Amino acid sequence: MRERVGIAEIKVATAPTVLVSYGLGSCLGIALYDAEIKIGALAHTMLPYFRAGIRETRTSKFVDMALQEMIELLQHQGAEPNRLRAKLVGGANMFADAPGTGRSSEGIGSRNIQAAHAILGELGIPLLAEDTGGNNGRTMEFDLENGVVSVLSVRNHDRVIL
121 MRERVGIAEI KVATAPTVLV SYGLGSCLGI ALYDAEIKIG ALAHTMLPYF
171 RAGIRETRTS KFVDMALQEM IELLQHQGAE PNRLRAKLVG GANMFADAPG
221 TGRSSEGIGS RNIQAAHAIL GELGIPLLAE DTGGNNGRTM EFDLENGVVS
271 VLSVRNHDRV IL
């Protein structure tokens, strides 16, 4: 069974489900997996950090809040934080090639990646693989049977297996 994970959403599922997130440009897809019980979570995040005073009810759009929520949801389903492993997809600089955009290489995609690296490090969750950065969108498929993440590049149609 395939389940779509939309923008600012988190889904938790078990094998044999495949979680899919489309349109990861500067957004960052975060996969957490507990191989022992074949359970995982996928988040489609948009921004690196939630800040006090932000009037936003979908805290899962933020990398920091999404990671906290994912861990809590997985624990409620029997996952152990010390068994969790992470994979990241996305965080592109989508307008790097557009003339006159004035965009720097330190765009939102880069900041999303940096936030995920920092938070995963603080939480002690190993980052096993990533397909991040660049300037093309991606689709991410997370197979909960084996923890494999497949990435389809929107621009050049390459498929990467993580």
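Using the numbering used here, read the sequence shown as starting at 121 and increasing by one per residue. The beta-carbon is built from N, C-alpha and C at its ideal position, and this holds for glycine as well. Please read these numbers as outputs of a predicted model, since none were measured by experiment.
- As DSSP reads the structure, Y153 sits in a beta bridge with G160 and R205.
- Taken atom to atom, the span from the alpha-carbon of I228 to that of G253 is near 10 angstroms.
- Straight across, the Cα-Cα distance linking E265 with K158 is about 6 angstroms.
- Check the Cα spacing between S180 and each of I233, T165 and A236: the tightest is with T165.
- Residue nearest to L144 within the set A163, R175, A133 and A135 is A163 (criterion: CA-CA distance).
- Buried is the label assigned to M260, since at least 16 other Cβ atoms lie within 10 Å of its Cβ.
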